[in-house]
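If you count the sequence shown from 1, position 608 lands on 608 in full-length UniProt numbering, and the numbers rise without skipping. To start, the structure itself, in structure tokens.
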Amino acid sequence: MGETNQPSHTVITMSTDRNFRAQKSVCPFCGVGCGVEYSEKSGKGTGWEGPVNTKGEMCPKGAAAFDFVDHEDRLTRPMVREDGELVPASWEEAFERIEEDLGSIVEEHGADALGFFASSNATNEENYVYQKLARMLGTNNVDNCARLCHASTVAAMSERFGAGAMTNTLDDLTEADVYLVAGANPAEQHPVAFRSYFLPAIRDGGEMIHVDPRENSTTDAAGIHLPVKPGYDIPLFNAMAAAILEEGLEDEAFLEERVSNVDEFKAHIERIDVEENAKLAGVDPDELREAARTYAEADRAAIFTGMGMSQHHCGTDNVHSLLNLSLLTGNVGRRGTGVNPLRGQNNVQGAGDVGALPNILPGYEPVEDEAARERVAEVWGVEPPATPGLTEVELTHEFGDSVKGAFVFAENPAVTEPHSGRVEEELQSLDCLVVLDLFETETAKHADVLLPGSSWAEKSGTVTNTDRQAIRMRPNADLPGDARLDLEIISEIGARLTGRPEAFDYDGPEEVFDEITDVSPIYAGMSYDGIGESSQRWPFPEGADSGTEVLHREEFATGEKTAPLVPLEHVPPADELEEDELALTTGRVLQHFNSGALSRRSETLMRMRGEDVLQIHPDDAEPRGIEDGDLVRVENERGEVEVEAAVTPAVREGAVFLTFHYADPLTNTLTGDALDPVAKIPEYKHSGVSVEPVDG
1 MGETNQPSHT
11 VITMSTDRNF
21 RAQKSVCPFC
31 GVGCGVEYSE
41 KSGKGTGWEG
51 PVNTKGEMCP
61 KGAAAFDFVD
71 HEDRLTRPMV
81 REDGELVPAS
91 WEEAFERIEE
101 DLGSIVEEHG
111 ADALGFFASS
121 NATNEENYVY
131 QKLARMLGTN
141 NVDNCARLCH
151 ASTVAAMSER
161 FGAGAMTNTL
171 DDLTEADVYL
181 VAGANPAEQH
191 PVAFRSYFLP
201 AIRDGGEMIH
211 VDPRENSTTD
221 AAGIHLPVKP
231 GYDIPLFNAM
241 AAAILEEGLE
251 DEAFLEERVS
261 NVDEFKAHIE
271 RIDVEENAKL
281 AGVDPDELRE
291 AARTYAEADR
301 AAIFTGMGMS
311 QHHCGTDNVH
321 SLLNLSLLTG
331 NVGRRGTGVN
341 PLRGQNNVQG
351 AGDVGALPNI
361 LPGYEPVEDE
371 AARERVAEVW
381 GVEPPATPGL
391 TEVELTHEFG
401 DSVKGAFVFA
411 ENPAVTEPHS
421 GRVEEELQSL
431 DCLVVLDLFE
441 TETAKHADVL
451 LPGSSWAEKS
461 GTVTNTDRQA
471 IRMRPNADLP
481 GDARLDLEII
491 SEIGARLTGR
501 PEAFDYDGPE
511 EVFDEITDVS
521 PIYAGMSYDG
531 IGESSQRWPF
541 PEGADSGTEV
551 LHREEFATGE
561 KTAPLVPLEH
571 VPPADELEED
581 ELALTTGRVL
591 QHFNSGALSR
601 RSETLMRMRG
611 EDVLQIHPDD
621 AEPRGIEDGD
631 LVRVENERGE
641 VEVEAAVTPA
651 VREGAVFLTF
661 HYADPLTNTL
671 TGDALDPVAK
681 IPEYKHSGVS
691 VEPVDG
């Protein structure tokens with residue numbers, strides 16, 4: 001048995017019917033994995049000396065992590081739709097409705113007529129059982145919001161290196177001499193990691209190169225800033241590779257021993273004009289050459305990459321361009337080097353690890369792999385399907401057509417998916433929509449069955465952070481009202497829909513974790529008790545004493561000693577800008593998180609940043625008659641929003657910036673759903689928009 005909801009010490013009553021107490025758990029927001037627990041003194045979150053925040057450091061979101069847990073909007077009873085309205089129901093009524101409605105869809109149309117939206121904010125155990133439910137029904141139509149953030153990163157790194165995760169650890173990366181941070185803003189998006197790992201190294205003489213269309217808090221620590229035009233990353237990194245080769249700064253010994261396709265790549269890069277490509281990317285050629293020189297001449301240089309690289313319809317190639325730089329300079333397979341994607345949600349890494357993706361089984365083994373399917377079948381008693389399923393965006397495109405029903409688990413696609421007006425219509429076209437969540441989100445408003453689940457503060461289990469550490473969560477609060485634990489809810493639905501109750505009969509998350517280690521080679525050596533109050537890192541093979549910190553030392557995870565260099569061509573953004581249009585790019589800020597369903601329910605965070613603003617460069621604002629603080633209309637063929645303008649040179653000329661944290665303005669009304677052909681990730685970072693004063 002895992003932890004129970006029994007108090008570990010003095011109980012503090014926060015409301016008339018709920019008890020809170022302090023137990024060591026994990027922050028529910030970004031992927032750093034900070035330890036957090038309830039503070040009896042403040043009623044807020046406080047840090048404990050966890051595996052990552054070793055001094056108990058916290059950011060504003062972590063400190064506010066309990067704010068939404070006891071929010072008045074919490075769902076406390078199941079709801080079912082009757083005569084067009086959601087009305088309270090018993091759990092048995094809700095389960096019977098799900099069994100009848102989703103079951104009839106499977107019976108009439110087959111299991112592929114269902115879509116399963118897993119949660120990057122849920123535990124490994126919950127996501128594992130969730131994808132098991134989908135696959136035991138007979139479909140691989142299961143995905144999570146990694147599709148919307150780092151699917152292209154995983155695709156590129158898996159193809160070249162054999163593993164779609166950080167090559168290194170946060171701890172060893174403090175040994176880097178140079179950080180190349182591309183399309184990421186860790187100072188605001190991963191603030192504890194930035195303060196605890198990046199800044200000390202920089203203060204000790206390390207250098208940072210920041211590639212981003214905006215100046216932000218990360219840029220403040222950088223010696224070089226390359227304000228790339230949104231959608232023009234490949235010309236920039238091709239030009240850096242060309243500059244490295246022109247100056248003879250490549251690592252010839254590493255190329256000889258660990259890299260393939262070298263001659264073809266060099267022939268391609270020799271045709272690259274550094275100055276022309278720098279200008280195409282919108283950066284100063286001399287600054288670009290200095291960045292290339294700084295990166296290549298370092299003894300140890302580490303790349304950090306974020307959604308500014310991945311969220312393009314050429315996102316996979318964008319990440320390939322970073323892998324080229326690391327291979328060209330020998331910066332992989334050693335401490336303080338590598339290519340390191342900074343993961344967004346607290347368990348977006350783990351959700352993929354345990355198989356909540358349409359093309360892979362637990363442990364990143366392809367569904368087409370017969371041996372992998374047979375190994376899973378030995379544990380489940382049912383062999384999973386061999387054909388990859390639909391991705392998240394592909395699923396919503398098929399709502400009302402080939403996909404008749406959906407089960408959405410703690411995700412909010414009505415806000416987070418591109419072209420949200422389309423998503424709104426498609427949600428209404430489903431025969432049955434089941435939503436398991438904490439609140440009546442913009443997606444949950446369309447549910448036929450709405451189930452009240454458990455927050456991070458009420459559950460046990462594990463999550464896996466951005467540098468591959470599995471860490472345990474523990475309950476700090478009782479469940480509100482008639483809400484139930486997510487693991488129990490998913491298991492009950494699985495037992496009913498599959499007709500195999502024994503396959504979903506778990507005695508808590510520890511038993512589920514044991515099953516994960518049976519089917520996932522990368523978790524095979526881990527144990528729930530072994531994690532304890534520390535962590536265990538994958539890959540952790542069966543029989544090993546510990547997990548692996550630095551990947552690809554002697555050979556790549558592909559099993560090969562070498563990885564290839566890949567020639568890349570620039571692919572223009574999907575939206576061609578009209579004469580008066582600007583390029584809208586989107587991202588996160590310090591005070592909020594993703595769709596805002598959680599952070600907008602924190603009074604503390606809303607006081608810090610209660611509304612969104614459109615960042616626009618003075619040279620773009622002036623000819624449009626826009627002044628700082630004006631209400632402006634941002635519009636394209638997909639829709640329009642109104643928002644206050646913030647006139648600032650922090651965003652490059654020709655681009656504007658909005659977050660995606662708010663329901664109003666709903667930024668993804670404007671974003672396009674052109675997909676990367678490999679990873680099927682949408683292009684959030686370049687949408688053509690017109691901007692004008694509302695009163696203009």
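Where is the CB? At the ideal position from N, CA and C, for every residue including glycine.
### residue 647 (DSSP reduced to helix, strand or coil)
strand
### Task
Return helix, strand or coil for residue 441, following the three-state DSSP convention.
coil
### Task
Using a threshold of 8 Å, state whether the C-beta atoms of residue 152 and residue 396 are closer than that.
In this structure, residue 396 does not lie closer than 8 Å to residue 152 by Cβ.
#### Entry: Where residue 676 sits in the DSSP three-state scheme
coil
### Query
For residue 606, which of helix, strand or coil comes out of DSSP?
helix
### Query
DSSP puts residue 340 in a beta bridge; with which residues?
304
#### Entry: Runs of alpha helix (DSSP H) lying entirely within the region 475-534, each at least 4 residues, in chain order
486-498, 509-519 and 528-531
### Query
Just how far apart, CA to CA, sit residue 501 and residue 494?
7 Å
### Query
Over what stretch of residues does the beta strand (DSSP E) that includes residue 690 continue unbroken?
687-693
### Sequence-distant residues of its chain with Cβ nearer than 6 Å to residue 9 (five each side left out)
Confidence in residue 9 is poor, its pLDDT being 27 and thus under 50, which makes the residue's placement unreliable; the coordinate value appears in the next sentence. Leaving aside the five residues that flank residue 9 on each side, none in its chain has a CB nearer than 6 Å to its CB.
### Query
What whole-angstrom Cβ distance do residue 393 and residue 675 have, given they're in contact under 8 Å?
6 Å
### Query
According to the neighbour-count rule (16 or more other Cβ atoms, all chains shown, within 10 Å of its Cβ), is residue 90 buried or exposed?
exposed
### Query
residue 641: which of 671, 215 and 300 sits nearest, CA to CA?
671
### Three-state secondary structure assigned by DSSP to residue 313
coil
### Query
If you run the structure through DSSP and keep just helix, strand and coil, what is residue 225?
Reduced to three states, the DSSP call for residue 225 is strand.
### Task
Compare the beta carbon distance of residue 363 and residue 522 with 8 Å and say whether it is the shorter of the two.
yes
#### Entry: Three-state secondary structure assigned by DSSP to residue 194
helix
### Query
Fully enclosed by the region 120-195, which beta strand (DSSP E) runs are 3 residues long or longer?
Every beta strand (DSSP E) of 3 residues or more that sits fully in the region 120-195 is shown, in chain order, as 178-182.
### Message
If you measure between the beta carbons of residue 325 and residue 303, is that distance less than 8 Å?
### Response
yes
### residue 100: first and last residue of the uninterrupted alpha helix (DSSP H) it sits in
91-109
### Query
For residue 389, which of 677, 691, 476 and 116 has the nearest alpha-carbon?
With distances taken between Cα atoms, residue 389 lies closest to 116.
### Query
Alpha carbon to alpha carbon, what distance is there between residue 605 and residue 355?
So the alpha carbons of these two residues sit roughly 33 Å apart.
#### Entry: Beta-carbon contacts of residue 351 that lie in its chain and below 6 Å, excluding the five residues immediately before and after
The residues are 118, 120, 127 and 144.
#### Entry: Sequence-distant residues of the same chain with beta carbon closer than 8 Å to residue 379, five excluded per side
515, 518 and 519
#### Entry: Beta-carbon contacts of residue 630 that lie in its chain and below 6 Å, excluding the five residues immediately before and after
645 and 693
### Task
Count the other C-beta atoms from every protein chain shown that fall within 10 angstroms of the C-beta of residue 428, then say buried if there are 16 or more, exposed otherwise.
exposed
### Message
Classify residue 84: buried if its beta carbon has 16 or more other beta carbons within 10 angstroms, exposed otherwise.
### Response
exposed
### Query
With distances taken between CB atoms, is the gap from residue 176 to residue 305 smaller than 8 Å?
no
### Query
What three-state label does DSSP hand residue 462 in the structure shown?
Judged by DSSP in its simplified three-state form, residue 462 adopts strand.
### Query
residue 115 bridges to which residues according to DSSP?
406
### Message
Under 8 Å, with one C-beta from each stretch per pair, do the region 239-256 and the region 267-275 reach the 3-pair mark?
### Response
Because the criterion of three Cβ pairs below 8 Å is met, the region 239-256 and the region 267-275 touch.
### Query
Alpha carbon to alpha carbon, what distance is there between residue 456 and residue 3?
With a pLDDT of 36 at residue 3, under the threshold of 50, the modelled position of that residue is not reliable, and the figure given next carries that caveat. Taking the straight line from one Cα to the other gives about 14 Å.
#### Entry: Selected residue, minimal CA-CA separation from residue 347, among 669, 31 and 679
31
### Message
Between the alpha carbons of residue 439 and residue 164, how many angstroms are there, rounded?
### Response
32 Å
#### Entry: Per-residue DSSP class, three states only, for residue 660
Coil, per DSSP.
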